[in-house]
Each structure stands twice: as structure tokens, then as C-alpha cells.
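Input: a single structure, listed below in C-alpha cells.
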Amino acid sequence: MAPNFEFQEWWSKEREIHRGTSVVVKMENPNWSMLELQSPDDNNNNNDGNNFSAQDKVGRGKNARQLTWVLLLKAHRAAGCVAWLAQGLWSLLAAVKRRVYFDRRINNGEEGTKSRFYRIIRGFLVFAVLMLGFEIVAYWKGWHFSRPHLPIPTTSALDLQGFLHSVYSAWVFTRAKYLAPPLQILANVCIVLFLIQSLDRMILSLKCLWIRLKKIRPVPNFEYEDSDLEQGAKVEDYPMVLVQIPMCNEMEVYQQSIAAVCNLDWPKGRMLVQILDDSDDTEVRSLIAAEVQKWQHKGISIVYRHRVVRTGYKAGNLKSAMDCDYVKDYEFVAIFDADFQPNPDFLKRTIPHFKGNDELALVQARWAFVNKDENVLTRFQNINLAFHFEVEQQVNGIFINFFGFNGTAGVWRIKALEESGGWLERTTVEDMDIAVRAHLNGWKFIFLND
Numbered sequence: 001m002a003p004n005f006e007f008q009e010w011w012s013k014e015r016e017i018h019r020g021t022s023v024v025v026k027m028e029n030p031n032w033s034m035l036e037l038q039s040p041d042d043n044n045n046n047n048d049g050n051n052f053s054a055q056d057k058v059g060r061g062k063n064a065r066q067l068t069w070v071l072l073l074k075a076h077r078a079a080g081c082v083a084w085l086a087q088g089l090w091s092l093l094a095a096v097k098r099r100v101y102f103d104r105r106i107n108n109g110e111e112g113t114k115s116r117f118y119r120i121i122r123g124f125l126v127f128a129v130l131m132l133g134f135e136i137v138a139y140w141k142g143w144h145f146s147r148p149h150l151p152i153p154t155t156s157a158l159d160l161q162g163f164l165h166s167v168y169s170a171w172v173f174t175r176a177k178y179l180a181p182p183l184q185i186l187a188n189v190c191i192v193l194f195l196i197q198s199l200d201r202m203i204l205s206l207k208c209l210w211i212r213l214k215k216i217r218p219v220p221n222f223e224y225e226d227s228d229l230e231q232g233a234k235v236e237d238y239p240m241v242l243v244q245i246p247m248c249n250e251m252e253v254y255q256q257s258i259a260a261v262c263n264l265d266w267p268k269g270r271m272l273v274q275i276l277d278d279s280d281d282t283e284v285r286s287l288i289a290a291e292v293q294k295w296q297h298k299g300i301s302i303v304y305r306h307r308v309v310r311t312g313y314k315a316g317n318l319k320s321a322m323d324c325d326y327v328k329d330y331e332f333v334a335i336f337d338a339d340f341q342p343n344p345d346f347l348k349r350t351i352p353h354f355k356g357n358d359e360l361a362l363v364q365a366r367w368a369f370v371n372k373d374e375n376v377l378t379r380f381q382n383i384n385l386a387f388h389f390e391v392e393q394q395v396n397g398i399f400i401n402f403f404g405f406n407g408t409a410g411v412w413r414i415k416a417l418e419e420s421g422g423w424l425e426r427t428t429v430e431d432m433d434i435a436v437r438a439h440l441n442g443w444k445f446i447f448l449n450d
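Given below as C-alpha cells:
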């Protein structure tokens, strides 16, 4: 924006009419210098005539121009601040709108429980805003509600003091006689549980240090080489593996997970991929089915399954997939969540641990977040997950051959699943449930920390 030169002319005329004193303007920006606006008296002392010299006029015009730019700079900063506040307010309102209307679908004009719940939230929000506005108006208007004068009979001060003392004495007696003992017992129990948990964490940490110093880790009886198939190795040496990916409305990540599983380094005739889609969105279902069909055309053994009756959540989805007739032809099953991207050598690094170890039911692999360094929250979550893997699961896997299944990135022996009762729809923590039942049946687990 160019400066206004009419302001400069007005400034010059005003300086000629009103003779002022010297003014020094100190600029905050180091790129600006200090300016001195001299009065006409100073020029008269240096010149015999009443008119300013041409050089003084040029300097005065230059000073006015610089002052104009300063004012424009201040105005620009003020406008930018207002725009920033407006943008922040707009973003806040947009976030509130997304929160309120998130996952709200048009379902043939029927409103479910979620819709009613959101209506209650909106109504409460509107009521709170209206009451806040009424409070502000009442404050500025000076509206004050006085206490109504009702003919309530009052007692004497002595009687009231005695009554309050009696109530307080009764409360102290009740608290000491009936409330304090059970609360003290509960506090003692909590202290004991805290000490037990602290001792458990200390022992696990010491065992983890011992594992690190001794470099203890599970070692398979043999390993698959990358060039085995190229050198004519028997395909029968690779067991039949079923790979399952349960998902539900995973529009953002289904392509990456399906592509990663289809690129596993394993003989194509010895592996079958099951895409277990529980999505209730027809658009998402069509996209996932199209992705499966694309990989089928590339020669990958992959099938798409969608349940009409979606009961049991993830456990019900896995149970339905294991009820297929062709599952009996497979020896192991690898399970991945929809947002996982396993390395191509995942099966080659997990399956060998089952060789010659008939009591082994599960090989759990360690995994990490892709966006662990995105912000402070993801870093804290990664620290928590690292402790869970490095200390809890690694130590329990080395010393007692048992830990909680993570629900993903693990390979199960199908025989162990069947003998332990399979996936049960009674719980939403199906991973821990099946792990406990398998451990009670005598099966062992291995955790790969690398």
C-alpha cells in the first residue's frame, strides 16, 4: 500500500502555520533511524529570510514520508492481529461443529441414541450461552434480586447455637464410629497394592537389565534365507499361513495395510489373506472390495468377507472368519490391525520359532508408531508403549513364557486357539482373554523384542 502524499502536504502547511518545538521520534525497529523535526525558529536563526531553504523542505518532506510509513506499519500490524483473532475464533467454531456433527449419518430419517445424546449436548450448550448472556445483561443493567421477606419463625440465638453444636457433635461421632474405620481400611489396602505394584515394577526393571547385560533373546532352530526360493528350496518347507486383517470403516488406512500384507515375502500358494470388513458404510465397503479385487488380479490369494450380522465386535469378526471350512488347511494365523504395515520379512522372522517347539502357541512381535515424533502427546505414548514392550512383555516372555497378547502383530498356532476355546464374544478385550485361556491350557508364548 503506497503512502498518502496529501497527508505530507497537509503536514507541511500545518508546520508553517503552527510553529512547534523540536520532536525526537525513537523507532522500535533497528532499521529505522532517529528523526528530528525542527521548528521554523531554528531555521530562522540559521537563515536571514523568513522562508525555509530548499534543503530543509526536502528533509521535512522526507521526515513526513517516513512517519507515514510508520503509521501504516502500525495499522498493518493491528489489522494482522485482528485477522489472526478472527481466524482463531473461526477455527474454534469449526472444531466445535466437527465435534458435534462427527460421524452423524443420515439413516432413513431415524435418530439413534447418539443423535439424541448430541441434541442434549447442543441444548445444554445453548442454555449455558443464554444464561451467560442474561447474567452479563443483568450485571450491566444493575439487576439484583433481593431476598424475599417471608414470615419465618426464628429461635433465639442460644437455642440456635445449641442446635448447631448438637449437629456437629453427632457428625463427629458418626464419622469416628462408622465412616473412619472402613475408609482407613480402604486406604491401607490401596497402600499395600501400591507397594506390591512398585515392587513388581522394580523386579521387572532389574530382570530387564539382566536380559540386556546377558543379551538373552529367543533364537529359532532355523532361519529362512532371502534366496531360498530362488535356489530351489521346497515350497513344502513353508507352512500354510492365514493372514487376517479385521477392520471397520477404515477409509484412511485400508490401502496401506492391504498392500503391506500382500507384499509379505512368503510363497503365494502357502498364504491366504482374509480382509474381515465390518464396515457399515457402503462407500467404504465398496472401496475395500475394489482394493481386494485389484490384488486378486495381481495373483495374490486374498478374499473379502463382510458380516451381515455384526455381533461381538472384533472377537465376533475373528470368530466368524475362523469358522470357514478352508481354515482347517492352515497351521498358523497372523493377525494385524487395519492401521498396521508389517515388514516383508515378518513371517520369515516369526514362523521359524514354531519349528520343533510344539508347546509354543504365540509369537508376538514388537511394533512402533509411525508418527511417534509428531508432537509431545505421541512421544509420551511411545514412551509408555516402549516400557510395555521392553520391560513387561520381554521379561515375562523370557522368564515365564506368558504375557498379554497385543491383539495385533502376532502369529498364533491355530491348534492352540481351537483347544483354548477360540475367540469369545463375551468380552471386548479378546486379546487378553484368549491369552489367559491359552496359558491355563499349558501353551507358551515368545516375544520378539527386535
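Note that this note's numbering has the sequence shown beginning at 1, numbered continuously upward. Cβ atoms here follow ideal geometry from the backbone N, Cα and C, with glycine treated the same way.
Task: DSSP state of ALA338 mapped onto helix, strand, coil - done: ALA338: coil per DSSP, three-state reduction.
Task: Segment contact, 8 Å Cβ cut-off, at least three pairs: the region 214 to 221 with the region 323 to 333 - done: Between the region 214 to 221 and the region 323 to 333, the count of C-beta pairs closer than 8 Å stays below three; the two stretches do not touch.
Open item on the list: For TYR304 and ALA321, what's the separation of their Cα atoms in angstroms?
Closed with: The alpha-carbon of TYR304 is positioned some 10 Å away from that of ALA321.
TODO: Assess, as a yes-or-no matter, whether the region 375 to 393 is touched by the region 185 to 196 under the definition of 3 or more beta carbon pairs within less than 8 Å.
DONE: Contact fails: fewer than three Cβ-Cβ distances are below 8 Å.
Open item on the list: Are the CB atoms of LEU362 and PHE405 within a distance shorter than 9 Å?
Closed with: In contact: PHE405 and LEU362 (Cβ atoms closer than 9 Å).
Open item on the list: Can you find the residues in the same chain that come closer than 6 Å, C-beta to C-beta, to ARG116, ignoring five residues on each side of it along the sequence?
Closed with: If we look at ARG116 and ignore the five residues flanking it on each side, it has no Cβ neighbours.
Open item on the list: DSSP three-state label for ALA409, please.
Closed with: Look at ALA409 here: in three-state DSSP terms it is coil, with no helix or strand label.
Task: Unbroken stretches of the alpha helix (DSSP H), 4 residues or longer, contained in the region 368 to 419 - done: Listed in chain order, the alpha helix (DSSP H) elements of length 4 or more contained wholly in the region 368 to 419 are 376 to 387, 394 to 399 and 414 to 419.
Task: Three-pair Cβ contact test at 8 Å for the region 349 to 363 versus the region 248 to 258 - done: By the Cβ criterion, the region 349 to 363 is not in contact with the region 248 to 258, since fewer than three pairs of Cβ atoms, one from each stretch, lie closer than 8 Å.
Task: Validate contact between the region 343 to 356 and the region 424 to 433 using beta carbons, cut 8 Å, 3 pairs - done: Verdict: no, contact absent.
Task: For ASP339 and VAL273, the rounded distance between their alpha carbons - done: Going from the Cα of VAL273 to the Cα of ASP339 covers about 16 Å.
Task: Environment of MET131 [buried if 16+ CB atoms lie within 10 Å] - done: Classified as exposed, MET131 has fewer than 16 neighbouring CB atoms from the shown chains inside 10 Å of its CB.
Open item on the list: I want to check one thing, is the minimum distance from the CB of VAL292 to the heavy atoms of the ligand NAP below 8 Å?
Closed with: Here there are no bound small molecules, and the ligand NAP is not part of this structure.
Open item on the list: I'd like to know whether the C-beta atoms of LEU385 and PHE403 end up nearer to each other than 9 Å.
Closed with: Contact: no.
Task: beta strand (DSSP E) runs wholly inside the region 280 to 357, at least 3 long, in chain order - done: Taking 3 residues as the minimum length, the beta strand (DSSP E) runs contained wholly in the region 280 to 357 are 302 to 306 and 332 to 335, in order along the chain.
Task: DSSP-derived helix/strand/coil call for LEU213 - done: In the structure shown, LEU213 sits in a helix (DSSP, three-state: H, G or I).
TODO: Out of LEU242, THR311 and VAL137, point me to the one whose CA is closest to ARG426's CA.
DONE: Per the Cα distances, THR311.
TODO: Mind checking which residues open and close the beta strand (DSSP E) that includes LEU362?
DONE: Per DSSP, the unbroken beta strand (DSSP E) holding LEU362 starts and ends at 360 to 365.
Open item on the list: Suppose the cutoff is 6 Å on Cβ atoms and the five residues either side in sequence are ignored; what does the same chain contact list for VAL126 look like?
Closed with: Same-chain partners within the cutoff: there are none.
Task: Where MET202 falls, given that 16 or more other Cβ within 10 Å makes a residue buried - done: Exposed, because fewer than 16 other Cβ atoms sit within 10 Å of the Cβ of MET202.
Task: One or two residues paired with PRO246 in a DSSP bridge - done: Paired residue(s): LEU276.
TODO: Please report how far the alpha carbon of TYR139 lies from the alpha carbon of GLY133, in whole angstroms.
DONE: Each residue's Cα considered, the two are about 10 Å apart.
Task: Bridge partners - ILE446, DSSP secondary structure assignment - done: The partner list for ILE446 (beta bridge, DSSP) reads VAL363.
Task: Span of the alpha helix (DSSP H) around ASP237 - done: No alpha helix (DSSP H) contains ASP237, which DSSP labels as neither H nor E.
Task: Among GLU419, LEU164, PHE387 and ILE434, the one whose alpha carbon lies nearest that of GLY410 - done: Its Cα nearest to that of GLY410, the residue ILE434 stands out among GLU419, LEU164, PHE387 and ILE434.
TODO: Quick one: measure Cβ to Cβ for ILE351 and PRO181, integer angstroms, because I've assumed they're closer than 8 Å.
DONE: By a beta-carbon distance limit of 8 Å, ILE351 does not contact PRO181. Their separation comes to about 58 Å.
Open item on the list: To the nearest angstrom, how far is the alpha carbon of SER301 from that of LYS268?
Closed with: LYS268 has its alpha-carbon roughly 7 Å from the corresponding atom of SER301.
Open item on the list: For VAL261, count the other beta carbons within 10 Å of its own beta carbon; 16 or more makes it buried, fewer makes it exposed. Which is it?
Closed with: Note on VAL261: 16 or more other CB atoms within 10 angstroms of its CB, so buried under the neighbour-count rule.
Open item on the list: Does ASN63 pass the burial test, meaning 16 or more other C-beta atoms within 10 Å, or should it be called exposed?
Closed with: Under this definition ASN63 is a buried residue.
- [ ] Identify which residue in GLY421, ILE446, THR408 and GLU390 has its Cα closest to the Cα of LYS207.
- [x] Among GLY421, ILE446, THR408 and GLU390, the Cα nearest to that of LYS207 belongs to GLU390.
Task: Neighbour-count burial assignment, PHE399, 16 or more Cβ in a 10 Å radius - done: Burial state of PHE399 is exposed, judged by a 10 Å Cβ sphere holding fewer than 16 other Cβ atoms.
- [ ] Within 10 angstroms of the Cβ of LYS298, are there 16 or more other Cβ atoms? Answer buried if so, exposed if not.
- [x] By the beta-carbon neighbour count (other beta carbons within 10 angstroms, threshold 16), LYS298 is exposed.
Open item on the list: Can you look up MET271 in the DSSP assignment and give me helix, strand or coil?
Closed with: Three-state result, MET271: strand.
- [ ] With a 10 Å radius around its C-beta and 16 neighbouring C-beta atoms as the bar for buried, classify THR282 as buried or exposed.
- [x] Counting Cβ neighbours within 10 Å, THR282 comes out exposed, since fewer than 16 surround it.
Open item on the list: Within the continuous alpha helix (DSSP H) that includes ALA438, where are the two ends?
Closed with: ALA438 -> alpha helix (DSSP H) spans 430 to 440.
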